[in-house]
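Single-structure report; data block below.
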Amino acid sequence: MKRDKKIRDHLTKYIAINPLYCMACWECIEECPKKVIGKSGIIVHKHAHIVKTGECIGCKKCIKACPHQAIIELPSIYRDYVDKPNQYTRDDWQRMIIDLLGY
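So in this note's numbering, spot 38 of the sequence shown is number 30, and the numbers just go up one at a time.
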């Protein structure tokens, strides 16, 4: 279950954040009009994460602001995973994350 929360902390219906690429510059946080993205509290690896999943409007300002390409647009074929998470198994989720983010 902890890994499932980790995955959800990095997805909205429109974007995915790869914490391995995030360098904690916080440009995405500054640009997000809905304040969907926040700072992680992990001391050993600070990175951006999603704090308001349902608030993302898909404006892509965070994607454009990120100088490290840590944020990508979530392909539409994966949007159901976020909208209807209970319809998919843990293996489905893991395949999607590996396809998108490589972890």
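C-beta: ideal position from N, C-alpha, C; glycine also.
Collapsed DSSP secondary structure at residue i in the structure displayed
| i | result |
| --- | --- |
| G50 | coil |
| I35 | coil |
| A62 | coil |
| L92 | helix |
| A16 | coil |
| K(-6) | Residue placement at K(-6) is flagged as unreliable, the pLDDT there being 49, under the threshold of 50; the coordinate-derived value follows with that caveat. Correct three-state label for K(-6): helix. |
Limits of the alpha helix (DSSP H) - the one that residue i falls within
| i | result |
| --- | --- |
| I21 | E19 to E23 |
| V74 | R71 to D75 |
Beta-ladder partner(s) of residue i, from DSSP
| i | result |
| --- | --- |
| L3 | A8 |
| I29 | I42 |
Residue interval of the beta strand (DSSP E) (run including residue i)
| i | result |
| --- | --- |
| A40 | A40 to I42 |
Option nearest residue i by Cα separation, candidates the options
| i | options | result |
| --- | --- | --- |
| K53 | T81, I42, G33 and I21 | I21 |
| D91 | P67, D75 and N78 | P67 |
| L3 | K44, M15, A16 and L12 | K44 |
| E47 | P25, P59, D72 and H39 | P25 |
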